Every structure is written in structure tokens, then in C-alpha cells.
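Participant:
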Amino acid sequence: MKTYKVSYLIFTVILAVIGLVTLFNSVENARSSADKYLRDAGGVMDSTGYQQMMDGYIASNITIGGILLFTGLLLFGFISYQLIGDSKEAGAESTDEPAVTPENFGEQFNQNHFRQMYKQTREPFKKMVSQDEFITQARAFNRDVAAYHLEMKTKLDAYLIQYVWLDSNREKAVSVSFDTNHTIHSLQLAPFVTYPETDEQFSSNEYIMPIRDEWFVFWGGTNQFVNYHYVYDSQRYAYDLVMHENGQTYKNEPGNVENYFAYGKVVTAPAAGKVVKVMDGKRDNPIGEMDENQPEGNCVIIEHAGSEYSLVAHLKQGSIVVKEGDIVKQGNLIGECGNSGNSSEPHIHFQVMNGPNHLTAKSIRIRFANGFNPVQGDYVQP
Numbered sequence: 001m002k003t004y005k006v007s008y009l010i011f012t013v014i015l016a017v018i019g020l021v022t023l024f025n026s027v028e029n030a031r032s033s034a035d036k037y038l039r040d041a042g043g044v045m046d047s048t049g050y051q052q053m054m055d056g057y058i059a060s061n062i063t064i065g066g067i068l069l070f071t072g073l074l075l076f077g078f079i080s081y082q083l084i085g086d087s088k089e090a091g092a093e094s095t096d097e098p099a100v101t102p103e104n105f106g107e108q109f110n111q112n113h114f115r116q117m118y119k120q121t122r123e124p125f126k127k128m129v130s131q132d133e134f135i136t137q138a139r140a141f142n143r144d145v146a147a148y149h150l151e152m153k154t155k156l157d158a159y160l161i162q163y164v165w166l167d168s169n170r171e172k173a174v175s176v177s178f179d180t181n182h183t184i185h186s187l188q189l190a191p192f193v194t195y196p197e198t199d200e201q202f203s204s205n206e207y208i209m210p211i212r213d214e215w216f217v218f219w220g221g222t223n224q225f226v227n228y229h230y231v232y233d234s235q236r237y238a239y240d241l242v243m244h245e246n247g248q249t250y251k252n253e254p255g256n257v258e259n260y261f262a263y264g265k266v267v268t269a270p271a272a273g274k275v276v277k278v279m280d281g282k283r284d285n286p287i288g289e290m291d292e293n294q295p296e297g298n299c300v301i302i303e304h305a306g307s308e309y310s311l312v313a314h315l316k317q318g319s320i321v322v323k324e325g326d327i328v329k330q331g332n333l334i335g336e337c338g339n340s341g342n343s344s345e346p347h348i349h350f351q352v353m354n355g356p357n358h359l360t361a362k363s364i365r366i367r368f369a370n371g372f373n374p375v376q377g378d379y380v381q382p
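Just so it is clear: in the sequence shown, position 131 is 131 by the UniProt record's numbering, and no numbers are missing.
#1: Looking at C-alpha atoms only, which residue of Gln111, Asp199, His358, Leu166 is the closest neighbour of Arg139?
#2: How should Asn256 be labelled, buried or exposed, when 16 other C-beta atoms within 10 angstroms of its C-beta is the threshold for buried?
#3: Hey, out of Thr360, Phe134, Gly297, Phe368, whose CA is closest to Glu336's CA?
#4: For the region 318-329 and the region 211-227, state whether three or more C-beta atom pairs, one from each stretch, are separated by less than 8 angstroms.
#5: Is the separation between the beta-carbon of Asp179 and that of Tyr159 shorter than 8 angstroms?
#6: Select from Arg115, Ile364, Ser343 the residue whose C-alpha is nearest the C-alpha of Pro286.
#7: Ordered along the chain, which non-local residues of its own chain (more than five positions away) have a Cβ less than 6 angstroms from that of Gly355?
#8: Excluding sequence positions up to five away, which residues of its chain have a Cβ less than 8 angstroms from the Cβ of Gln317?
#9: Could you check how far apart the C-beta atoms of Val100 and Gln120 are, in whole angstroms? I think they sit under 8 angstroms.
#10: At the level of alpha carbons, what is the spacing between Tyr379 and Asp157?
#11: Run through the DSSP bridge pairs and tell me what His304 is partnered with.
#12: Would you list the one or two residues that DSSP bridges to Ile327?
#13: Closest to Ser234 by C-alpha separation, out of Tyr309, Met353, Phe114, would be which residue?
#14: Along the chain, which unbroken stretches of the beta strand (DSSP E) at least 3 residues long are found entirely within the region 238-302?
#15: Could you say which of Val278, His314, Ala272 lies nearest to Glu292 if we only look at CA atoms?
#16: So the alpha helix (DSSP H) Asp167 belongs to, where does it begin and stop?
#17: Can you tell me where the beta strand (DSSP E) holding Thr136 begins and where it ends?
#18: Hey, out of Tyr228, Asp213, Ile161, Ser310, whose CA is closest to Val193's CA?
#19: If the criterion is Cβ atoms closer than 8 angstroms, does the pair Val242 and Leu333 meet it?
#20: For His149, count neighbouring Cβ atoms within 10 angstroms of its own Cβ and tell me buried if that reaches 16, exposed if not.
#21: In terms of alpha-carbon separation, which member of Pro346, Ile364, Glu197 lies closest to Gly306?
#22: Here's the rule I'm using: 16 or more other beta-carbon atoms within 10 Å means buried, otherwise exposed. How should Lys251 be labelled?
#23: In this structure, does DSSP put His314 in helix, strand or coil?
#24: Would the beta-carbon of Val278 fall within 8 angstroms of that of Lys323?
#25: Can you list, in chain order, the residues of its chain with a C-beta nearer than 8 angstroms to that of Glu253? Leave out the 5 residues immediately preceding and following it.
#26: Whose C-beta lies closer than 6 angstroms to the C-beta of Phe372 among residues of the same chain, with five residues either side of it excluded?
#27: Are the beta-carbon atoms of Val174 and Phe109 separated by less than 8 angstroms?
#28: Please name the residue in Glu171, Arg143, Ile184 whose C-alpha comes closest to that of Ile161.
#29: Go through its chain and collect everything with a Cβ distance to Glu214's Cβ below 6 angstroms, but skip five positions before and after it.
#30: Please classify Asp144 as buried or exposed, where buried requires at least 16 neighbouring CB atoms within 10 angstroms.
#31: Helix, strand or coil for residue 385 per DSSP?
#32: Roughly how many whole angstroms lie between the Cα atoms of Phe350 and Gln137?
#33: Could you have a look at Glu97 and say whether DSSP puts it in helix, strand or coil?
#34: Using only CA atoms, which one of Val321, Phe105, Pro270, Pro102 lies nearest to Ile208?
#35: Lys172: buried (16+ other C-beta within 10 angstroms of its C-beta) or exposed?
#36: Just mark Ile67 as buried or exposed, buried being the case when its beta carbon has 16 or more other beta carbons within 10 Å.
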């Protein structure tokens, strides 16, 4: 398209030059036209008639030259304006953009270097969104943003690190995860939403994580980029815990549920209380399958002092050793980690809430010992 516009631009220049030459040579052209007329008419005409003919030809040449010059200049300006716009667009989304790294991502995103970003994404991302769709969405999101700053950096495993960039108004967030080769595994654009009122309201009881070993916080914190539960008030302050060894959650092949380090590990009561609900009998999902009909899977709900309730979910089928009505102490065994319910791999879902029905109750931010507030990327112990 740009080639055609350049060709049109050259044509307008030629058109304007012809018009200019016509104006400059209007008298000479008029004399030539008048002389030709006289020759064709037999050469008979008085001086007054000749001058009138000359004036007519001059006026005609000036009109034609003026029209050509004006049209040429008008088209030249219009096409030049479009070419300048194309140049800005090309500059904004140049195919010759620098490589995007974790260190320069915020600046590159702010400069609209979206083609290179898209080039560095993995195939699953490209299948979800086309390059044109990504550029359109990113440009719209980027509008009116002066700059981005790095807000959070989280090591997810041995290969992936997640970065969250915020605009200066803390209203827009870009979450991106890079591997060690600077391949982009995920890229999310969303408003940066927080709930400061409930963020500052902690549970009245002090809890421990329902574990006996060291676990890794895969989801947890007070924004949706480190804790996908955060946007739902029934799960806002929930934690998802997995087990890591050398940055991996599994050994050998990831397709076997028993290869995950968390599978079968001990799960305990996070605080003293009374067991008010036990759900068991759900199979542990094969990797790649999830049960959305009963998202909590096999689980235990415990009532604690002050009408607070804890939920520990996704337990292993047949592993729960408590029953409804049992009194438990903090740290007592209640079952084993499994992969039941809406679970993509073996992990523990743990939350505290203000009622026994986890579907309607409100999540409460959990008070841990020593004021510790674990977030995504932290390793935790009981």
C-alpha cells in the first residue's frame, strides 16, 4: 500500500510541475496558439483582434495551469500526510524492533513494540489470539499511559519468572512470564483492582498452613495477578499450595498424577475446631481433566472460634481420617493431598471464611504467626 502511495505522490509532483510550467509559459503558449490560428485562418486579423485572442489564450492557460498546480499541491499534501501517518505507524509497530527482555519489557510495551512481543510468545498463545488482535488490544490498553514500572517479580519454577508492570496511576497492569530463553509464556492485560477495606481485615484467629512439610505458594496475595482467586469475594484470600523440588512440581513424566510431589502428602488442621463438613468419594482426576461440577472435590470444613471456618480442598480420595462432629487440634492429621475437584494438578486449596457454606460465605484474610503474609512465590512451612 505504501508503494502505491509513493507512486501517487510522484504523479502529483509531475502534475504540479506541469501546472507551474503552464503558468510561467502562458504568454508564450498564447502567442503560439494565436499565430497558429492566424496561419490556419489565412493570416488576416487586425491588431485589436489579435490582442483579444492573445488575452483569451493567456487566460485559458493561466486557468489550466492554476488548476493543475492547485490539484497537484492538494493531492501532494494529502498523500504526504498519509505517508507520515504510515511512517508513525511503522515506527510504532516496526518489524525491526529490539528483542524484548524482562528488564526492558515495560519500556518496550509503552513504545508499542508489539510485533516483537508477539513473535516471542509461545504457540499456545498465538493460537488463542492473532497478531492483529493482540496489537489492537495492546494499543487500546496502552492509550494515555505515560510509563510503566515493575511492581512484582515472582519465580514460579526453575524456568519461569512472572513480572507485573503497573502504570503510574496504578490503574492498569501487564502481567508477563518469561522463561530463561526470554520466550513469553503468558501475557495478561487487565485493570489493577484492589479491595483495601477487606485487605486490612484479618481473621480473629491465628492459623498455620495445613501442612507438615515445605510447600510453595502458587497462588496467594492481594491482587489478581498473584492470586487468581482475588476477584471472587468467596475465595479472595485463598491459597493454592504445591510442592517443588528443583523448581519442578513433578518427577519423570507430568502425565501421571502419582509423579507429583504433593500427591499423598499429609494435610492437617490449620487451627483447633470442630469438623462440620466432610466430602469424600470423588476420584483424583487424571492430569488434564478437571471436575467443574464439584470444584472443591474431597474436602474438610472446620468451625473455629469466633464463627470462622476453614476449608481445605482437593484431598485424595479415601484419605480423609476425620468425620463431621470430630474435635481437632491445630496440626492434627485430616487427610492427604490429592487431585479431586476443579484441580489441574495435585495441590491444596486453603481458605478461611465467615460461614460454613463456601459457595456463599465471604473469604477472610488469614492471620498467620509473626505477621507473616505469604504471597505467590514464597515457600511456606506450618
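Note that the Cβ used here is the ideal one computed from N, Cα and C, for glycine as well. Treat the numbers as computed from the prediction; the structure is a model and nothing was measured.
Facilitator: Reading it off the structure:
#1: Looking at the Cα atoms, Gln111 is the closest of the given residues.
#2: Classification for Asn256: exposed.
#3: Among Thr360, Phe134, Gly297, Phe368, the Cα nearest to that of Glu336 belongs to Gly297.
#4: No, they do not touch.
#5: Cβ atoms of Asp179 and Tyr159: closer than 8 angstroms.
#6: Selected option, being the one with the closest Cα: Ser343.
#7: Contacts found: Ala361.
#8: Result list for Gln317: Asp280, Gly281, Lys282, Arg283, Asp284, Asn298, Gly338, Ser340, in chain order.
#9: Here Val100 really is in contact with Gln120; their C-beta atoms are around 6 angstroms apart, less than 8 angstroms.
#10: Straight through space, the alpha carbons of Asp157 and Tyr379 are spaced by roughly 12 angstroms.
#11: Per DSSP, Glu308.
#12: Its beta-bridge partners are Lys274.
#13: Out of Tyr309, Met353, Phe114, Met353 has the C-alpha closest to the C-alpha of Ser234.
#14: Segments of the beta strand (DSSP E) lying fully in the region 238-302: 239-242, 266-268, 273-279.
#15: Nearest of Val278, His314, Ala272 to Glu292, Cα basis: His314.
#16: Note, Asp167: premise wrong, no alpha helix (DSSP H); beta strand (DSSP E) at 161-167.
#17: Unbroken run through Thr136 is the alpha helix (DSSP H), 131-142; no beta strand (DSSP E).
#18: Comparing Cα-Cα distances from Val193 to each of Tyr228, Asp213, Ile161, Ser310, the minimum goes to Tyr228.
#19: Taking a C-beta distance under 8 angstroms as the contact criterion, Val242 and Leu333 do not qualify as a contact pair.
#20: Exposed, since its Cβ has fewer than 16 Cβ neighbours within 10 Å.
#21: Residue Ile364 is the option with its Cα nearest to Gly306.
#22: Taking all protein chains shown into account, Lys251 has fewer than 16 neighbouring C-beta atoms within 10 Å of its C-beta and is therefore exposed.
#23: In the structure shown, the three-state DSSP call for His314 is strand.
#24: For Val278 and Lys323, yes; Cβs fall inside 8 angstroms.
#25: Result list for Glu253: Asn259, in chain order.
#26: The answer is none, since no qualifying residue turns up.
#27: In this structure, Val174 lies near Phe109, with their beta-carbon atoms less than 8 angstroms apart.
#28: Across the set Glu171, Arg143, Ile184, the C-alpha of Ile184 shows the shortest separation from the C-alpha of Ile161.
#29: Contacts found: Tyr379, Gln381.
#30: Per the 10 Å Cβ criterion, exposed.
#31: Beyond the ends of the chain as shown, which are 1 and 382, falls residue 385; an answer cannot be given.
#32: Taking the CA atoms as reference points, Phe350 sits about 35 angstroms from Gln137.
#33: Shown here, Glu97 sits in coil according to DSSP, grouped into three states, outside any helix or strand.
#34: Ranking the options by Cα distance to Ile208, first place goes to Pro270.
#35: The residue in question, Lys172, is buried, as its Cβ has 16 or more Cβ neighbours within 10 Å.
#36: Classification of Ile67: exposed, given that the 10 Å Cβ count is below 16.
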